[in-house]
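Below you'll find the structure, written out as structure tokens, and then a few comments.
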Amino acid sequence: MLTARDCLCPRYRAVGALQRYRDVTSLGNNGTLVFAVFEEDAERGRFLGLVDVREAALFPARVFADLLVRRQPPPLDPATPIEAVWARFEAERCDFLPLIDADGVFRGVVSRLALVAAMMEHERALSQERERLIANLHCELENRRIAAAVFDATAEGIMVTDAKGRILLVNAAFCRTTGYSEQEAIGQTPALLKSGRHDAAFYAAMWRTIDETGSWEGEVWNRRKSGEIYPEWLHIDLVRDEHGAPRYYVGVFADIGTHKELRAQLMHLAYHDALTGLPNRRLLLDRLGQAIARAQRNDTEVGVLFLDLDRFKDINDTHGHGTGDRILIEAAHRLTGLVRANDTVARLGGDEFAILVEDIADEAALADVAEKLLNAFSTPFTCDEREFFLAASIGIARYPGDGDTVDALLMNADTAMYGAKQQGRGRYHFFASDMHRRLARRIEAADVLRKALASSGLTLAWQPQVRLADGMIAGAEVLLRLARHDGAASPPTPAELVAAAEESGLITALGQWVLRETCELGGRLDGLASRLRIAVNFSPLQFDHGCAARVLDLLGGCGALAQSIEIEVTESVLASENEHLVQALETFAAAGINIAVDDFGSGYSNLGNLLHLHVDKLKIDQVFVGGLERDEKSRKIVQTIIQMGHNLGMTVVAEGVETQAQAQILREFGCDLAQGFLFARPLPFEDFARLLASGPLTAQ
Ligand code: C2E
Ligand code: MG
Ligand code: MG
0 MLTARDCLCP
10 RYRAVGALQR
20 YRDVTSLGNN
30 GTLVFAVFEE
40 DAERGRFLGL
50 VDVREAALFP
60 ARVFADLLVR
70 RQPPPLDPAT
80 PIEAVWARFE
90 AERCDFLPLI
100 DADGVFRGVV
110 SRLALVAAMM
120 EHERALSQER
130 ERLIANLHCE
140 LENRRIAAAV
150 FDATAEGIMV
160 TDAKGRILLV
170 NAAFCRTTGY
180 SEQEAIGQTP
190 ALLKSGRHDA
200 AFYAAMWRTI
210 DETGSWEGEV
220 WNRRKSGEIY
230 PEWLHIDLVR
240 DEHGAPRYYV
250 GVFADIGTHK
260 ELRAQLMHLA
270 YHDALTGLPN
280 RRLLLDRLGQ
290 AIARAQRNDT
300 EVGVLFLDLD
310 RFKDINDTHG
320 HGTGDRILIE
330 AAHRLTGLVR
340 ANDTVARLGG
350 DEFAILVEDI
360 ADEAALADVA
370 EKLLNAFSTP
380 FTCDEREFFL
390 AASIGIARYP
400 GDGDTVDALL
410 MNADTAMYGA
420 KQQGRGRYHF
430 FASDMHRRLA
440 RRIEAADVLR
450 KALASSGLTL
460 AWQPQVRLAD
470 GMIAGAEVLL
480 RLARHDGAAS
490 PPTPAELVAA
500 AEESGLITAL
510 GQWVLRETCE
520 LGGRLDGLAS
530 RLRIAVNFSP
540 LQFDHGCAAR
550 VLDLLGGCGA
560 LAQSIEIEVT
570 ESVLASENEH
580 LVQALETFAA
590 AGINIAVDDF
600 GSGYSNLGNL
610 LHLHVDKLKI
620 DQVFVGGLER
630 DEKSRKIVQT
640 IIQMGHNLGM
650 TVVAEGVETQ
660 AQAQILREFG
670 CDLAQGFLFA
680 RPLPFEDFAR
690 LLASGPLTAQ
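So in numbering that gives the first Met the number 0, the last one in the sequence shown is 699, and the numbering has no gaps at all.
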């Protein structure tokens, strides 16, 4: 409440005025005139003090302010309410009233103006306060609104109960999860949600923990309004009142059914191939392990088919991985449609699939499955409006015959698949125990070769090629040999070493070594080499893009001997579309290097290429030479090859000549040269050099 104290005129606070006022009041008593003295005018001038009439007369020359107080007014009490002060101003028709507090101390003057100002100030303060209150109220309302929004937007369900367990409050997530509306839930107890999955002991333990520690957390199975049971992760907090007694229970829960679904999805990803959705290797191994255990118990068989798409890499390389992927998806789809529901089609990676077949009757049943799977590729795959013709090779291994562990079965099926590929692709092959032996030999041959290349463990055998007309040595073929056997019972044969080199990527290094060694040894033959053709075997895989440059570079260092080198390629090379090979052969021909076609007649050759590729020499395959004496067909073939070679201006050599009779027939047919045990076996270089120096060769 505003009082007179609040309306003191700050401007009229006179120094020493107190004393003067007392003097005046004591002097004049009733009716005494009191003048308030101001500097200039009353409203703006400084209040100088109060004077009585007498004193006022002492200031004639000064401008006295209006006579403010005509008589000494009863002073105001500081606590006088402002309305009463105003009433006095009105009643006494004055503008100023002195303020004396309870102790009689003069505090100053209250003016109408100060009163109005105080009232206005008061009013302003009030309105400020009102505004502040309103702002606070807004803020509070906003906070509450946010809190309510958070409460409702929280993904977790929230339920607040009173101390007796009556539900007071639920949020939107609660309603979503449980299916109960706010109205349905409020006033109920959480028993509304009980699924019946937990016994009384479970809840008793839960409440005990809450009582003791103030909270509890764990998995609870509850029931939605729809009757569906679901798992939730529930956290309960006890809120106590100021006396420590339970007031509210706040339960916050997350529906972990979706988490479980997510986990199931992750599990699916871990055990399935992302591209095709088929079980992956891990799941296959798992299922194969279980199948073996079942078969063991029930005395049944399990089949594993290892399927590899033939030449799939070509599609990836030429049409891109996108096309490759779509074909793999389609292949997976076709394969899955062909097996029984409880069989497993898995993708092992790349273009490799494995099919696990349980409860098979016999080998014929597995062969049927393999046939069916191969048939899946009989219709072309359509991708981007193009048709792709694919085939697959399948290897089959069986439990228990071909192995009794997961690893053994898969490995043997893989080995069998390799056999199918070797036999011409697009077919299936059962695992046979000797496959392992062959596989082991392949691995061993690669090992032996690697070591031999690194430690001068290789040498060359020289086998003469003899002119049938006069027995003169016209050339030689150099053949790869191991220098040492290290006592091995059956060291790898030259053909196995070459195959191992081709498989392991060592073929280029091996080819270079053979050529270098040939040049080096050939150089030691001095003048004798100039009338020889020294044939070096080349694997088709040696013809990569750097082949021609590498060979010419090496031969460049051999001087005149380079003209004596002859390159032998197998007949299948003629059918090849390897552009590096065609280019290299053209470069060699241009450099004066002879080209001979090895094992002619045994493989498929494109006869047109005989001319196109500047072939100088044909070497008739030993198979036909071996049949010369006993079979008319062989004779016909040999005779035809000789005639054809001559017609094309080529020299013809017969390989594997072992008997005089064969040599005689060949001579009659007009064959130029012969190579074989009849004249000489492949010899160490020194022996060959001696033989060369000793003149014409007659049959041994
Ligand atoms: P190829 O080029 O056809 O060599 C002829 C093979 O016949 C040689 O076998 C030789 O020892 C054998 N031979 C020679 N005369 C007779 C005979 O009268 N009767 C019989 N039964 N066999 C005879 P080898 O040395 O075991 O070589 C086998 C194959 O290995 C060669 O067949 C060739 O394709 C390959 N090869 C050998 N050395 C090399 C080489 O340095 N590089 C390449 N790329 N391949 C080589
Ligand atoms: Mg050869
Ligand atoms: Mg040959």
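For glycine and all other residues, C-beta sits at the position ideal for the given N, C-alpha and C. Because the structure is a prediction, the values reported are computed rather than measured.
Residue i by DSSP, collapsed to three states: which one?
| i | result |
| --- | --- |
| Val572 | helix |
| Lys616 | strand |
| Lys224 | coil |
| Ala353 | strand |
| Leu98 | strand |
| Glu427 | Here residue 427 turns out to be Tyr, not Glu, going by the sequence shown. Looking at Tyr427 - three-state DSSP - the assignment turns out to be strand. |
| Thr2 | strand |
| Ser126 | helix |
| Glu216 | strand |
| Arg143 | helix |
| Leu75 | strand |
| Ala345 | strand |
Could you give the first and the last residue of the continuous beta strand (DSSP E) run that contains residue i?
| i | result |
| --- | --- |
| Leu478 | Ile472 to Leu481 |
| Met158 | Gly156 to Asp161 |
| Leu167 | Ile166 to Val169 |
| Phe88 | Not the beta strand (DSSP E): Phe88 falls in the alpha helix (DSSP H), residues Ile81 to Glu91. |
| Thr381 | Phe380 to Cys382 |
| Tyr417 | It is not in any beta strand (DSSP E) - Tyr417 instead sits in the alpha helix (DSSP H) that spans Val405 to Gln421. |
| Ala595 | Asn593 to Phe599 |
| Arg385 | Arg385 to Phe387 |
| Ile395 | Ala391 to Tyr398 |
Considering just the uninterrupted stretch of the alpha helix (DSSP H) at residue i, what are its terminal residues?
| i | result |
| --- | --- |
| Arg466 | Where Arg466 is concerned, there is no enclosing alpha helix (DSSP H), although the beta strand (DSSP E) it sits in stretches over Leu457 to Arg466. |
| Ile328 | His320 to Thr335 |
| Phe623 | Gln621 to Gly625 |
| Gly435 | In the sequence on display, residue 435 carries His and not Gly. Note, His435: alpha helix (DSSP H), Ser432 to Ala453. |
| His611 | Leu606 to His611 |
| His579 | Glu578 to Ala589 |
| Val338 | Premise fails: Val338 is in no alpha helix (DSSP H) and is neither H nor E. |
| Arg207 | Ala199 to Thr212 |
| Ala369 | Glu362 to Asn374 |
| Phe184 | For the record, residue 184 in the displayed sequence is Ala; it is not Phe. Start and end: Glu181 to Ala184. |
When you measure from the CB of residue i to every non-hydrogen atom of ligand 3, does any distance come out below 7 Å?
| i | result |
| --- | --- |
| Lys616 | no |
| Glu654 | yes |
| Asp367 | no |
| Asp671 | no |
| Asp342 | no |
Can you determine whether any heavy atom of ligand 2 sits closer than 7 Å to the C-beta of residue i, and answer yes or no?
| i | result |
| --- | --- |
| Asn536 | yes |
| Asp597 | yes |
Classify residue i as buried or exposed, calling it buried when 16 or more other Cβ atoms lie within 10 Å of its own Cβ.
| i | result |
| --- | --- |
| Gly504 | exposed |
| Val115 | exposed |
| Asp446 | exposed |
| Asn646 | exposed |
| Ser702 | In the structure as shown, the chain starts at 0 and stops at 699, and residue 702 therefore has no counterpart that could be examined. |
| Ser225 | exposed |
| Gly302 | buried |
| Val238 | exposed |
| His258 | exposed |
For a test of your reading of the model: does the CB of residue i fall under 7 Å from any non-hydrogen atom of ligand 4? Yes or no.
| i | result |
| --- | --- |
| Glu476 | Ligand 4 is not among the ligands present in this structure, which contains only ligand 1, ligand 2 and ligand 3. |
Say yes only if the C-beta of residue i is nearer than 7 Å to one or more non-hydrogen atoms of ligand 1, and no if none qualify.
| i | result |
| --- | --- |
| Ala494 | yes |
| Phe676 | yes |
| Val622 | no |
| Val568 | no |
| Glu362 | no |
| Pro463 | no |
| Pro681 | yes |
| Glu502 | no |
So, does the CB of residue i fall closer than 8 Å to a CB anywhere in chain D?
| i | result |
| --- | --- |
| Thr458 | Reference to chain D is not applicable here, since this structure consists of a single protein chain. |
### Query
If you scan the region 634 to 687 from start to end, which runs of the alpha helix (DSSP H) of 4 or more residues do you find wholly inside it?
659 to 668
### Task
Mind listing, in chain order, the continuous alpha helix (DSSP H) runs of no fewer than 4 residues lying wholly within the region 495 to 565?
Positions of the alpha helix (DSSP H) runs, each at least 4 residues long and wholly inside the region 495 to 565, are given as 506 to 522 and 546 to 555 in order along the chain.
### Query
Which whole runs of the alpha helix (DSSP H) in the region 227 to 282 are 4 residues long or more, in chain order?
Counting only runs of 4 or more, we get 256 to 270.
### Message
Just to confirm the assignment: which complete beta strand (DSSP E) runs, minimum length 3, are found wholly within the region 280 to 316?
### Response
301 to 308
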